Amino acid sequence: MNDEVDTEITRQVWSGRVPLTIRLADADGGSEEEALNVLALRCAYLPLYMPLIRAHFAAIRSRSEAELAAEWWFSWRGIPLKWHYPIGLLHDLFTHSSLPSSAASKQDPTNPWRITLHFSAFPADKIFRSLPTPTLANDPPRDFYMNSLKESDFIRNMSVKKTMSLSKPDQTLLWDTLAESAGASTDSDLQRSHAKLVELHDTFWSVDAKLMMGNVAAAAVESDETSVGTGGLAGGNHLCRSVAVRCYSGWDKPLFQELISPKNSSGADVTLLEALRILAPDLIPAASTSNDMEGTHEDGSLLDTVKLISHGVEIPLDTPIAWLARHFSYPDNFLHLVLCIS
Numbered sequence: 001m002n003d004e005v006d007t008e009i010t011r012q013v014w015s016g017r018v019p020l021t022i023r024l025a026d027a028d029g030g031s032e033e034e035a036l037n038v039l040a041l042r043c044a045y046l047p048l049y050m051p052l053i054r055a056h057f058a059a060i061r062s063r064s065e066a067e068l069a070a071e072w073w074f075s076w077r078g079i080p081l082k083w084h085y086p087i088g089l090l091h092d093l094f095t096h097s098s099l100p101s102s103a104a105s106k107q108d109p110t111n112p113w114r115i116t117l118h119f120s121a122f123p124a125d126k127i128f129r130s131l132p133t134p135t136l137a138n139d140p141p142r143d144f145y146m147n148s149l150k151e152s153d154f155i156r157n158m159s160v161k162k163t164m165s166l167s168k169p170d171q172t173l174l175w176d177t178l179a180e181s182a183g184a185s186t187d188s189d190l191q192r193s194h195a196k197l198v199e200l201h202d203t204f205w206s207v208d209a210k211l212m213m214g215n216v217a218a219a220a221v222e223s224d225e226t227s228v229g230t231g232g233l234a235g236g237n238h239l240c241r242s243v244a245v246r247c248y249s250g251w252d253k254p255l256f257q258e259l260i261s262p263k264n265s266s267g268a269d270v271t272l273l274e275a276l277r278i279l280a281p282d283l284i285p286a287a288s289t290s291n292d293m294e295g296t297h298e299d300g301s302l303l304d305t306v307k308l309i310s311h312g313v314e315i316p317l318d319t320p321i322a323w324l325a326r327h328f329s330y331p332d333n334f335l336h337l338v339l340c341i342s
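Right under this line is the structure:
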């Protein structure tokens, strides 16, 4: 497998959207008739849409934006939404993973995804606080994003040198381009919106490629061990040791995160299934025999019961994890996967 990026795929991933219907909470004087419909980017964050959302409800209710610039938060069926998660990840979590019985309802589909905006009763024990109007010096969503970028860099390279080596304008460009893309996604002219998103994708990648790219064709075998996860990737003169991946099995459950090398010690591509067995060994046991690589059990094949979702797409379990990371990682350079076990 070569290490080139298929830009047609990454452009589609960048431009992927979730239809949102946002209504103001009853406690804050909202009604269904005042709801705002938005095509939101999967790779963006809810705070990036707050200027549009505040302006909408201020105009509808004849209230100034200053009045609506109170502490805000979103929920779905009473569950507070983590605004520092990408919108696509949130949607995948609540569409595909297990839900609490109180949230299970066939009357409330997730397409469009109907979420509620609150300006009171902030659940400080459930989610982080943001700011109603971020400033250049204090912008929690931007700061969370940059910290995630450094964390993914550290996982791949065991240092944040690549991120810190970016010039200040390049670091700023990453967040600003994502924010501008969120704005472009709401353009009612879909053709113009798509063209703008392609342009912004290319701008983002012109910088992000400095962080993400490595030569997957060359395996660096660092030991004689035969277990998956011992081989790194040589990217020029730099060794990329692991894929930055996070796996989620439920909205209220801890995420799975382990060091996963894209190559094993023999130089073969590590597949998504192999990576999953490292990430969640208690849920996805290793193959019982050398002839049972799919993990067949008495009740059928493991492959029939497990699904992994990213950007709303079910990913084949034999997909090389390195290819998937290059094409499906979110702008924070993490590969966010939602695990579903039937």
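Here full-length UniProt numbering is used: position 193 in the sequence shown is 193, and no number is missing along the way.
No residue lacks a Cβ here, since even glycine has one placed at the ideal position from N, Cα and C.
Please read these numbers as outputs of a predicted model, since none were measured by experiment.
Taking all protein chains shown into account, do 16 or more other C-beta atoms lie within 10 angstroms of the C-beta of residue i, making it buried, or fewer, making it exposed?
i, result
"K253", "exposed"
"R156", "buried"
"S31", "exposed"
"L190", "exposed"
"A152", "Here residue 152 turns out to be Ser, not Ala, going by the sequence shown. The residue in question, S152, is buried, as its Cβ has 16 or more Cβ neighbours within 10 Å."
"R192", "exposed"
"T128", "As written in the sequence, residue 128 is Phe, which differs from the Thr given in the question. Exposed, because fewer than 16 other Cβ atoms sit within 10 Å of the Cβ of F128."
"S266", "exposed"
"P47", "buried"
"N333", "buried"
"W72", "buried"
"M50", "buried"
"G300", "Low confidence applies here, because G300 scores a pLDDT of 44, under 50, leaving its location unreliable; read the following figure in that light. When all chains shown are included, G300 counts as exposed."
"A35", "buried"
"E8", "exposed"
"A59", "exposed"
"A325", "buried"
"P281", "exposed"
"A27", "exposed"
"P123", "exposed"
"A182", "buried"
"residue 356", "Outside the modelled stretch of the chain, which goes from 1 to 342, sits residue 356, for which no answer is possible."
"S242", "buried"
"S249", "buried"
"A286", "exposed"
"S188", "exposed"
"A184", "buried"
"S165", "exposed"
For residue i, which residues does DSSP report across the bridge?
i, result
"W76", "I79"
"W175", "DSSP output for W175 lists no bridge partner at all."
"H118", "W73"
"I341", "V306"
Select from the options the residue whose C-alpha is nearest the C-alpha of residue i.
i, options, result
"I87", "L24, W205, D208, L20", "L20"
"A322", "P141, L339, A286, E274", "E274"
"H336", "D269, C247, I278, D282", "C247"
"residue 352", "K126, F154, E180, H118", "In this structure the chain extends from 1 to 342, so residue 352 is not present and cannot be described."
"I341", "A58, E34, L93", "L93"
"L339", "Q12, I284, A325, S329", "I284"
"R77", "D143, H118, A286, D318", "H118"
"H327", "V245, P169, N147, K196", "V245"
"S75", "A59, S120, R54, I60", "S120"
"L52", "L279, E199, R11, T186", "T186"
"S167", "A182, V207, D6", "V207"
"I79", "K307, A59, I115, P141", "I115"
"G29", "F57, H91, S188", "F57"
"Y145", "T172, K126, A195, V270", "T172"
"V198", "C240, T10, S165", "T10"
"C240", "D170, S130, S188, F154", "F154"
"F204", "A184, H194, D170", "D170"
"T319", "D269, V306, D304, I278", "D269"
"W251", "A25, V5, T95, S165", "T95"
"L200", "Q12, L149, L90, V5", "Q12"
"H91", "L317, I309, P331", "I309"
Does any residue of chain C bring its CB to less than 7 Å from the CB of residue i?
i, result
"W73", "Looking at the structure shown, chain C is missing, and only one protein chain is on hand."
Quiz item: Are at least three pairs of beta-carbons, each pair with one atom in the stretch 261-270 and one in the stretch 303-316, less than 8 Å apart?
Solution: No, because fewer than three Cβ pairs between the stretch 261-270 and the stretch 303-316 fall closer than 8 Å, the two stretches do not touch.
Self-check item: Cβ pair count under 8 Å reaching 3, the stretch 3-17 against the stretch 37-45
Solution: Three or more Cβ pairs drawn from the stretch 3-17 and the stretch 37-45 lie within less than 8 Å of each other, which places the two stretches in contact.
Exercise. Output the residue ranges of the alpha helix (DSSP H) runs that lie fully inside the stretch 7-66 and measure 4 residues or longer, sorted by chain position.
Key: The qualifying runs are 7-15, 50-60.
Quiz item: Are the stretch 77-92 and the stretch 170-178 touching, with three or more C-beta to C-beta distances below 8 Å?
Solution: Using a C-beta cut-off of 8 Å, the stretch 77-92 makes no contact with the stretch 170-178, since fewer than three inter-stretch Cβ pairs fall below that distance.
Quiz item: Between the stretch 159-170 and the stretch 111-118, do three or more beta carbon pairs fall short of 8 Å?
Solution: No, the stretch 159-170 does not touch the stretch 111-118.
Quiz prompt | 3-residue-minimum beta strand (DSSP E) runs that sit fully inside the UniProt domain "Autophagy protein ATG5 UblB" (243-339), ordered along the chain | solution = Listed in chain order, they are 245-248, 306-310.
Exercise. Would you check if there are 3 or more beta carbon pairs closer than 8 Å linking the stretch 194-214 to the stretch 21-33?
Key: Flag = no, the stretch 194-214 and the stretch 21-33 do not touch.
Quiz item: Residue ranges of each alpha helix (DSSP H) run of no fewer than 4 residues wholly in the stretch 174-212, ordered along the chain?
Solution: You should have 190-212.
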